[in-house]
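The structure appears right after this line, and notes come after that.
Residue numbers (our numbering), protein chains in the order written: chain A, 120 to 437; chain B, 146 to 434.
Below is the structure:
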């Protein structure tokens, strides 16, 4: 095996060992299984978002929309249609993906700040729908009255409903699937083409690549995985509310990716871990903590624009 | 029915006037510097609060003039110290910076003035209704529209007839050439940024006479302002003006027939515009992609 491949395998092994044991090693330092689940779920969302930012060079600022749709889709399915957690997640994913495909078609020809602005604005439409459609979504109070259900595998029934660590493991299984699919996607000729678009869109166009189509497909894939994270988030909290759709949520997804390092596949997961833990700590310390989150945003931009992994990599190569 | 219709049309136009002030400021900054200023709503609220604090000392008229200037000075300081560093970099960073700044400004106003709404009193003759038939239109509403009209007119005259204004417009089209011609582009951008923030502050003072003063009062105006810019066409200030009035009027009218859809209708308009005319109503092809 080539040294580079061995190195990658080693890194992957370390990442998964850390993830799998997180509920145990984090307990003495104030972690708890639900917090671990939140980190992994938001990290999944940030990684999915990063398909666009890090690997296609497209800045979407409206991913809260698809995260929220995944959450509401799963919540509504559990409440009204099914008692299967997995079917509910699939429902959420479908809802988010369809919306992503439609909105993506509207925005795909925009670039740069314009793309960011259009996606921010469109994200808000779902906020208002969730906010106003009281009878279905519960309006401002949020969607309640559903709970994730135990998952049966063959003869076993995994009680992810009451056992938080089992639910965390369930989240990790979904993460394995999602990360595997995203990894395969990026390794494929399609993923390589996305990198070419990121590096030089004009040259990619001259090579005869259907740039808009590729960006649209990347957008839809990204929405699919973000919606999956959103569906898990609804299952985690047994609750979904309109703030999931808010542009603050979109900003959170972006900052997690940038904080961890958006040029690295696992960077957003690291960013999510740091951000969520800091937020959890800050909100337990003080009542008004948004300014501190704002400071994190500004500090990242001014001092760590390449993120934690970016800084580490530069150290390593220097 | 006619009165109700009239009521909603005037409401729509007034809210549209706010969108226009907000969106013109955003547009100025976006066009020249490529920065989406997420903190614009925070500057708006700050303008309202500063006016509230100054009013007992210098009166309504003094506050109306001075508060936006103070907010613009603050904007200038932030531009010089932080935002300026990000001009050459990916627009992602200025977006995230102003995003964080928005959080900080909002918590700052909450910390200083409290989270509860504060009353901002306007002069008595402005608070009175115009007539018995038109009891729903106070003089203040007309006054707001007039101030907005003066501000917008002044802005367009400034951009058309003064040297700085011409440079700002030229810089929007081709900043590199403007720089090569010997214009201090950094100074121009700073000046332009402060101008945009001034408009936000002015909108804040006007809004606090109509709505109540709360720290997040700018939030509900920010997204519609983005929509106004996109509908009107990125890069075009007349487009922004048109877009703001259009979506204000549309949400006013929809409130009459289907109140719960009033917030969402502007996004539907945006979707239609993007579908039929991707560059926006008055936008030019190729501006900012």
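In this text, a Cβ means the ideal position worked out from N, Cα and C, and glycines have one as well.
Being a predicted model, the structure only gives us computed values, none of them experimental.
Contact annotation: the segment 411–419 of chain B touches the segment 371–381 of chain B, with at least three C-beta pairs closer than 8 Å. Membership of residue 310/B in the alpha helix (DSSP H) is indicated by the continuous run 308–318. By the Cβ test, the segment 378–393 of chain A is not in contact with the segment 180–198 of chain A, since fewer than three Cβ pairs between them sit closer than 8 Å. The beta carbon of residue 336/B sits no closer than 8 Å to any beta carbon of chain A. Contact between the segment 259–273 of chain A and the segment 356–374 of chain A is present: 3 or more CB-CB pairs across the two stretches fall below 8 Å. Rounded to the nearest whole angstrom, the CA to CA distance from residue 173/B to residue 301/B is 11 Å. If you ignore the 5 residues before and after residue 225/A, its C-beta comes within less than 6 Å of no other C-beta in its own chain. With a cutoff of 8 Å on beta-carbon distance, residue 188/B and residue 345/B are scored as near each other. Residue 191/A has a beta carbon lying at 8 Å or more from every beta carbon in chain B.
For residue 275/A, the uninterrupted beta strand (DSSP E) segment begins and ends at 275–277.
Cβ proximity to chain B below 9 Å picks out 417, 418, 419, 420, 421, 424 from the segment 417–429 of chain A.
DSSP places residue 227/A in the coil class of the three-state scheme, outside both helix and strand. Pairing residue 190/B with residue 199/B gives a Cβ-Cβ distance that is not under 8 Å.
DSSP places residue 426/B outside both helix and strand once states are collapsed to three, so it counts as coil. For residue 271/A, the uninterrupted beta strand (DSSP E) run begins and ends at 270–272, by DSSP. Beta-bridge pairing by DSSP links residue 262/A to 359/A. Per DSSP, reduced to three states, the secondary structure at residue 274/B is strand.
Taking the beta carbon of residue 236/B as reference, the chain A residues within 8 Å of it are 178, 231, 232, 235, listed in sequence order. Interface residue (Cβ-Cβ distance to chain A less than 8 Å): residue 255/B is classified as such.
If you keep only unbroken alpha helix (DSSP H) runs of at least 4 residues inside the segment 379–428 of chain A, you get 386–404, 409–422. DSSP, read as helix, strand or coil, puts residue 283/B in strand. Using a C-beta cut-off of 8 Å, the segment 224–238 of chain B makes no contact with the segment 304–323 of chain B, since fewer than three inter-stretch Cβ pairs fall below that distance.
A contact is defined here as three or more CB-CB pairs under 8 Å, and the segment 156–166 of chain B meets this definition with respect to the segment 384–396 of chain B. The beta carbon of residue 412/B falls within 8 Å of a beta carbon belonging to chain A, placing the residue at that interface. When CB distances to chain B are screened at a threshold of 7 Å, the residues of the segment 373–389 of chain A falling below it are 373, 374, 377, in chain order. When CB distances to chain A are screened at a threshold of 8 Å, the residues of the segment 351–383 of chain B falling below it are 368, 371, 372, 374, 375, 379, in chain order.
Between residue 371/B and residue 200/A, the CB-CB gap reaches or exceeds 8 Å. The Cβ of residue 338/A sits no closer than 8 Å to any Cβ of chain B. In the assembly as shown, residue 257/A is a buried residue. Its beta-carbon has 16 or more other beta-carbons within 10 Å.
Looking only at 404/B, 330/B, 282/B, 184/B, the smallest Cα-Cα distance to residue 249/B is reached by 184/B. The contact set of residue 423/B on chain A, defined by CB atoms closer than 8 Å, consists of 228, 229 in chain order. Excluding sequence positions up to five before and after residue 246/A, its CB lies within less than 7 Å of the CB of 361, 364, 365, all in the same chain and listed in chain order. The C-alpha of residue 194/A lies about 8 Å from the C-alpha of residue 211/A. Closer than 8 Å to the CB of residue 241/B there is at least one CB belonging to chain A. For the pair residue 328/B and residue 223/B, the Cα-to-Cα distance works out to about 22 Å. Listed in chain order, the alpha helix (DSSP H) elements of length 4 or more contained wholly in the segment 284–328 of chain A are 308–318, 320–325.
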